[in-house]
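Engineer:
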Amino acid sequence: MDRLFNLDAQLLMDTVLLMIAMLVMFTFLSYLLFNPAREFLKKRQEKIKNDIDTAQADKDQARLLKEDYEARIKNINKEADEILSQARQKALQNAEKIKEEANEEAARIIARANAQIELDRKKAADDMKKEMISIASLMAGKAVAASIDTKVQDSLLEETLKEIGDDTWLN
Numbered sequence: 032m033d034r035l036f037n038l039d040a041q042l043l044m045d046t047v048l049l050m051i052a053m054l055v056m057f058t059f060l061s062y063l064l065f066n067p068a069r070e071f072l073k074k075r076q077e078k079i080k081n082d083i084d085t086a087q088a089d090k091d092q093a094r095l096l097k098e099d100y101e102a103r104i105k106n107i108n109k110e111a112d113e114i115l116s117q118a119r120q121k122a123l124q125n126a127e128k129i130k131e132e133a134n135e136e137a138a139r140i141i142a143r144a145n146a147q148i149e150l151d152r153k154k155a156a157d158d159m160k161k162e163m164i165s166i167a168s169l170m171a172g173k174a175v176a177a178s179i180d181t182k183v184q185d186s187l188l189e190e191t192l193k194e195i196g197d198d199t200w201l202n
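The following block contains the structure:
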């Protein structure tokens, strides 16, 4: 009888041996191939997880740095405003000081000019008195020479000098 599928002892033995061989081969291949592949995949998962954790930490650190820089920028603007304000105040103080010094210098110049004017006025008055005296002397000399002798002329000169006074000669 020819059957397509004969179930005899030989077939059963071949099947059992094939199963044992496959089990041994599977066990052997799992040690040689599956375990290294599993370890490789496990290491890769750990590396990816570490990379994700590192990226998250870097992201958090970058966010903190960004907040710090933004705060610094705000502080820099405030500091710049303070520096500009101080510079303006200093400039105003310097302007006020320069203005006061200029006023003081102008007052000194005016005082010197007034003193010089007073000296020039006194000098002009003295020159005028001298000129008047010399003209009066010449006129008196001519008038007296014509009509008076020297004794009368000397007495007139002394009388005139007494009338003018000592203050005129001292100025």
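Those letters in the sequence shown? Residues 32 to 202, by this note's numbering.
All C-beta atoms in this analysis are idealised placements derived from N, C-alpha and C, irrespective of residue type, glycine included.
1. Can we say the segment 151 to 169 touches the segment 127 to 139, given the rule of at least three CB pairs closer than 8 Å?
2. DSSP three-state call for Asp39: helix, strand or coil?
3. How many Å lie between Arg69 and Glu77 at the Cα?
Structural biologist: A quick look at the data gives this:
1. Touching, no, given that fewer than three Cβ pairs across the two stretches are closer than 8 Å.
2. Looking at Asp39 - three-state DSSP - the assignment turns out to be coil, as it is neither helix nor strand.
3. The straight-line gap from Cα to Cα measures roughly 12 Å.
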